[in-house]
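Peer 1: Quick one: the structure is below, questions incoming.
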Ligand code: FA5
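In my numbering, the protein residues as written are 11 to 351.
Now the structure itself:
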């Protein structure tokens with residue numbers, strides 16, 4: 011029995027020396043120190059040995075067990091240190107390397123212009139009023155003095171939905187009716203920004219989806235002179251103190267009289283270039299005095315109240331400010347374009 015113990019110890023220690031990984035160590039532990047390992051069986055069977063053999067075999071078996079356990083512990087520790095050194099070698103960290111620059115988001119150029127427009131109108135006492143993008147035919151046209159089959163409806167090519175009389179607004183003007191019906195008979199001074207949709211062929215100057223900023227002032231004794239003065243003040247803040255403006259007669263069914271406002275081309279300073287199509291002027295908005303029928307539809311008595319309204323396109327204004335030659339860049343999601351702003 012003593013010889014068998016010597017043999018077992020030698021065999022176990024030799025095998026342990028050749029093991030280089032954790033799985034091997036676990037298998038070794040089960041084989042030599044586990045519950046059904048030979049050494050365990052010998053220790054459990056000591057009682058059956060003769061009185062003379064029992065003390066010597068018992069002592070030796072315990073010595074072997076202790077020796078195997080402590081050698082295993084040493085081996086485990088040695089493998090752990092080797093693994094640590096290997097990872098320190100292989101995964102070396104160079105703390106002096108420069109970090110990677112995080113990619114910073116930017117505000118979309120159309121939103122930059124929108125924010126500038128909001129600030130200017132806020133300084134002049136205009137609140138922001140948000141109106142819906144999905145509208146009824148009545149609000150988009152009828153209540154704005156364009157009854158069914160009115161030829162002026164053709165000015166706005168429309169996306170209709172499958173629900174009868176429901177469409178995507180073609181301009182922000184229907185918001186005029188909403189805000190008037192909510193506030194009548196109080197005076198009003200608001201801007202109404204938001205997305206509009208037109209069933210148009212997209213081109214360098216026209217998109218099927220674009221922003222507009224509507225403006226509306228309703229009160230007593232508001233005149234065309236107020237409209238001109240207010241819009242001139244806006245143009246000076248938006249385009250510079252010395253900007254020149256002009257108003258041209260135009261037609262919108264919901265304003266009377268109506269006009270379009272141009273600013274002097276700041277690229278050629280009025281001399282004529284390709285951006286202003288040799289005219290020296292750039293159109294920036296449509297405007298006019300709110301039509302009496304529209305005032306009445308909004309709940310205001312047109313014999314007592316007057317008002318002015320205007321509508322501008324922030325993308326077109328951004329194009330003018332930055333010399334952008336194609337409006338389709340705005341929704342093209344090309345980072346090379348967006349990163350320039
Ligand atoms: C209107 O939509 C009127 N509702 C404006 C108005 C409001 C007049 C209140 C009077 C009183 P117009 O269709 O011209 O008008 O559009 C106004 C502005 O929206 C244009 O000057 C332009 O800047 C912008 N716009 C119009 N269509 C497009 C388009 N397809 N793509 C990009 N911007 C556009």
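Glycine is no exception: its CB is placed at the ideal position from the N, C-alpha and C atoms.
What residue ranges within the region 277-302 form continuous alpha helix (DSSP H) runs of no fewer than 4 residues, ordered along the chain?
Peer 2: none
Peer 1: What residue from 127, 43 and 62 has the CA that sits closest to residue 200's CA?
Peer 2: Sequence index remark: in the chain shown, residue 200 carries index 190 (1-based). The residue with the shortest Cα to Cα distance from residue 200 is 127.
Peer 1: Go through its chain and collect everything with a Cβ distance to residue 53's Cβ below 6 Å, but skip five positions before and after it.
Peer 2: As a first step, residue 53 must be located in the chain shown, where it is residue number 43. These residues qualify, in order along the chain: 71.
Peer 1: Would you grab the beta carbon distance between residue 310 and residue 195 for me? Rounded to a whole angstrom, and I think it's under 8 Å.
Peer 2: Within the chain shown, the letter at position 300 stands for residue 310. Within the chain shown, the letter at position 185 stands for residue 195. About 6 Å; that satisfies the 8 Å criterion.
Peer 1: Quick one: is residue 75 buried, meaning 16 or more other Cβ sit within 10 Å of its Cβ, or exposed?
Peer 2: Reading the chain shown from its first residue, position 65 is the one you call residue 75. By the neighbour-count rule (16 or more Cβ atoms within 10 Å), residue 75 is buried.
Peer 1: Please report how far the alpha carbon of residue 260 lies from the alpha carbon of residue 111, in whole angstroms.
Peer 2: Translated into the one-based positions of the chain shown, residue 260 becomes position 250. Translated into the one-based positions of the chain shown, residue 111 becomes position 101. About 52 Å.
Peer 1: Using C-beta distances below 8 Å, list every residue in its chain close to residue 250, excluding the 5 sequence neighbours before and after it, in chain order.
Peer 2: Position 240 of the chain shown holds residue 250. Excluding positions up to five away in sequence, the list reads 276.
Peer 1: Taking C-beta to C-beta, are residue 145 and residue 204 nearer than 8 Å?
Peer 2: Start at 1 with the first residue of the chain shown, and residue 145 comes out as number 135. Start at 1 with the first residue of the chain shown, and residue 204 comes out as number 194. Cβ atoms of residue 145 and residue 204: not closer than 8 Å.
Peer 1: Measure the beta-carbon distance from residue 383 to residue 221 and round it to whole angstroms, keeping in mind my assumption that it falls under 8 Å.
Peer 2: The chain is shown only over 11 to 351; residue 383 falls outside these bounds and no answer can be derived.
Peer 1: Short of 7 Å in beta carbon distance, which residues of its chain neighbour residue 328, apart from the five on each side in sequence? Order them along the chain.
Peer 2: In the chain shown, counting from the first residue as 1, residue 328 sits at position 318. For residue 328, where only same-chain residues beyond five positions count, the Cβ hits under 7 Å are 119, 120, 123 and 334.
Peer 1: With 16 as the cutoff for other CB atoms within 10 Å, does residue 63 come out buried or exposed?
Peer 2: Position 53 of the chain shown, counted from the first residue, corresponds to residue 63. Exposed.
Peer 1: Applying the criterion that 16 or more other CB atoms from any shown protein chain within 10 Å of the CB defines a buried residue, is residue 6 buried or exposed?
Peer 2: Absent from the structure is residue 6, since the part of the chain shown begins at 11 and ends at 351.
Peer 1: Taking its Cβ as the centre, do 16 or more other Cβ atoms sit within 10 Å of residue 345, making it buried, or is it exposed?
Peer 2: Numbered from 1 along the chain shown, position 335 holds the residue referred to as residue 345. Classification for residue 345: exposed.
Peer 1: Using only CA atoms, which one of 98, 269 and 94 lies nearest to residue 294?
Peer 2: Taking the chain shown and counting its residues from 1, the one referred to as residue 294 is at position 284. Just measuring C-alpha positions, the residue of 98, 269 and 94 sitting nearest residue 294 is 269.
Peer 1: If residue 320 sits next to residue 297, beta carbons under 8 Å apart, how far is it from one beta carbon to the other, in whole angstroms?
Peer 2: One-based indexing of the chain shown puts residue 320 at position 310. One-based indexing of the chain shown puts residue 297 at position 287. At roughly 4 Å, the Cβ-Cβ gap stays under 8 Å, so residue 320 and residue 297 are in contact.
Peer 1: What residues match up with residue 207 in a beta bridge as DSSP calls it?
Peer 2: Taking the first residue of the chain shown as 1, we reach residue 207 at position 197. DSSP lists 219 as partners of residue 207.
Peer 1: Given the structure, does residue 321 come close to ligand 1, in the sense that its CB is under 7 Å from one of the ligand's heavy atoms?
Peer 2: The residue you call residue 321 lines up with position 311 of the chain shown. Answer for residue 321: yes, Cβ within range of ligand 1.
Peer 1: In the DSSP assignment, what residue or residues form a beta bridge with residue 270?
Peer 2: What you label residue 270 is simply residue 260 of the chain shown in a count that begins at 1. 258 and 296.
Peer 1: Out of 84, 256, 284 and 281, which has the shortest C-alpha to C-alpha gap to residue 273?
Peer 2: Along the chain shown, one-based indexing puts residue 273 at 263. Ranking 84, 256, 284 and 281 by Cα distance to residue 273 puts 256 first.
Peer 1: Could you check if residue 343 is buried or exposed, using at least 16 other CB atoms within 10 Å of its CB as the buried criterion?
Peer 2: As a working note, residue 343 is residue 333 in the chain shown. Per the 10 Å Cβ criterion, exposed.
Peer 1: Identify the continuous beta strand (DSSP E) that holds residue 105 and give its terminal residues.
Peer 2: Numbered from 1 along the chain shown, position 95 holds the residue referred to as residue 105. Neither: residue 105 is in no beta strand (DSSP E) and is coded neither H nor E.
Peer 1: Can you find a heavy atom of ligand 1 that lies under 7 Å from the Cβ of residue 268?
Peer 2: Sequence index remark: in the chain shown, residue 268 carries index 258 (1-based). At least one heavy atom of ligand 1 is nearer than 7 Å to the Cβ of residue 268, so yes.
Peer 1: Any heavy atom of ligand 2 inside 7 Å of the beta-carbon of residue 187?
Peer 2: Among the ligands in the structure shown, ligand 2 does not appear; only ligand 1 can be found there.
Peer 1: On the three-pair Cβ rule with 8 Å, is the region 202-218 touching the region 161-175?
Peer 2: Between the region 202-218 and the region 161-175, the count of Cβ pairs shorter than 8 Å is three or higher; the stretches touch.
Peer 1: Report the three-state DSSP secondary structure of residue 214 (helix, strand or coil).
Peer 2: Numbered from 1 along the chain shown, position 204 holds the residue referred to as residue 214. It is coil, neither helix nor strand.
Peer 1: Have a look at 307, 83 and 245 and flag the residue whose alpha-carbon is nearest the alpha-carbon of residue 190.
Peer 2: Residue mapping note: residue 190 aligns to position 180 of the chain shown, counting from 1. Scanning 307, 83 and 245 for the CA closest to the CA of residue 190 turns up 307.
Peer 1: Taking 8 Å as the cut-off, decide whether the C-beta atoms of residue 148 and residue 177 are in contact.
Peer 2: For the purposes of this step, residue 148 is taken as the residue at position 138 of the chain shown. For the purposes of this step, residue 177 is taken as the residue at position 167 of the chain shown. No, the pair does not count as a contact, with Cβ atoms beyond the cut-off.
Peer 1: Does ligand 1 have a heavy atom nearer than 7 Å to the CB of residue 181?
Peer 2: Against the chain shown, residue 181 aligns to sequence position 171. Yes, the Cβ of residue 181 comes within 7 Å of a heavy atom of ligand 1.
Peer 1: What does the alpha-carbon distance come out to for the pair residue 243 and residue 105?
Peer 2: By 1-based counting over the chain shown, the position of residue 243 is 233. By 1-based counting over the chain shown, the position of residue 105 is 95. If I take the Cα positions, the gap works out to 56 Å.
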